[in-house]
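Chemist: Following this message is one structure expressed as structure tokens.
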Amino acid sequence: MLIEVLKSKIHCATVTEANLHYMGSITIDEALMQAAGIVEGERVHIVNNNNGERFDTYVITGPRQSGSICLNGAAARKVQVGDIVIIMAYAHMTLDEARSFRPSVIFPDENNSVVS
3 MLIEVLKSKI HCATVTEANL HYMGSITIDE ALMQAAGIVE GERVHIVNNN NGERFDTYVI
63 TGPRQSGSIC LNGAAARKVQ VGDIVIIMAY AHMTLDEARS FRPSVIFPDE NNSVVS
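Structural data, given as structure tokens:
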């Protein structure tokens with residue numbers, strides 16, 4: 003049996019752009035993606051701390067060190083620039099794997115830079 007477990011989380015990133023007229027996705031700064039262990043095309047769940055919206059989409063790599071957190075397409079209607087979001091990715095694991103697995107959780111600063 004496989005269960006779905008939190009794999010990666012970018013906790014409290016600031017939305018920098020909402021682009022309604024772009025194909026649906028979320029663009030994330032490459033440095034944030036790498037630090038969290040998220041890859042391009044991966045499905046992510048997004049929680050908007052400002053309005054309670056919860057939705058999912060897939061990831062597009064943004065320019066490294068840009069601080070980019072941009073919701074594209076229909077997801078752009080669920081955020082405002084400046085909103086605080088949590089971005090989570092999950093993985094399927096056996097119960098034994100899940101018991102010892104530790105997710106990658108990062109806490110970016112106010113500019114969406116990776117904090118060491």
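For the numbering used here, count along the sequence shown from 1 and bump the result up by 2.
Glycine residues also receive a C-beta, built at the ideal position from the N, C-alpha and C atoms.
#1: Do residue 4 and residue 94 have their beta-carbon atoms positioned less than 8 Å apart in this structure?
#2: Output needed for residue 57: all residues of its chain with C-beta closer than 7 Å, excluding positions within five of it in sequence on either side, in chain order.
#3: Could you check where the alpha helix (DSSP H) with residue 33 kicks off and where it finishes?
#4: Using a threshold of 8 Å, state whether the C-beta atoms of residue 70 and residue 10 are closer than that.
#5: When DSSP builds the beta bridges, which residues end up paired with residue 114?
#6: Could you say which of 30, 98 and 99 lies nearest to residue 113 if we only look at CA atoms?
#7: Tell me which residues share the same chain as residue 43 and place their Cβ nearer than 7 Å to its Cβ, disregarding the 5 neighbours each side in the sequence.
#8: Pick helix, strand or coil for residue 69, following the three-state DSSP scheme.
#9: Nearest CA to the CA of residue 18: which residue from 103, 116, 83 and 104?
#10: Counting C-beta neighbours from all protein chains within 10 Å, is the total for residue 27 16 or more, i.e. buried, or is it exposed?
Modeler: Inspection of the coordinates gives the following:
#1: For this step, residue 94 is matched to residue 92 along the sequence shown. For this step, residue 4 is matched to residue 2 along the sequence shown. Yes; because the gap between Cβ atoms is below 8 Å, this pair is in contact.
#2: As a working note, residue 57 is residue 55 in the sequence shown. Same-chain partners within the cutoff: 48, 77 and 80.
#3: Start at 1 with the first residue of the sequence shown, and residue 33 comes out as number 31. Where residue 33 is concerned, the enclosing alpha helix (DSSP H) stretches over 32-38.
#4: Numbered from 1 along the sequence shown, position 68 holds the residue referred to as residue 70. Numbered from 1 along the sequence shown, position 8 holds the residue referred to as residue 10. No, Cβ-Cβ distance for residue 70 and residue 10 is not below 8 Å.
#5: The sequence position of residue 114 within the sequence shown is 112, counting from 1. None, per the DSSP bridge assignment.
#6: The count along the sequence shown starts at 1 and reaches residue 113 at position 111. Closest option to residue 113, Cα to Cα, is 30.
#7: Looking up residue 43 in the sequence shown gives position 41. So the list reads 60 and 61, once near-sequence residues are dropped.
#8: As a working mapping, residue 69 is identified with position 67 in the sequence shown. Correct three-state label for residue 69: coil.
#9: On the sequence shown, residue 18 is found 16 positions in, with the first residue counted as 1. Comparing Cα-Cα distances from residue 18 to each of 103, 116, 83 and 104, the minimum goes to 83.
#10: The count along the sequence shown starts at 1 and reaches residue 27 at position 25. Residue 27 should be labelled buried.
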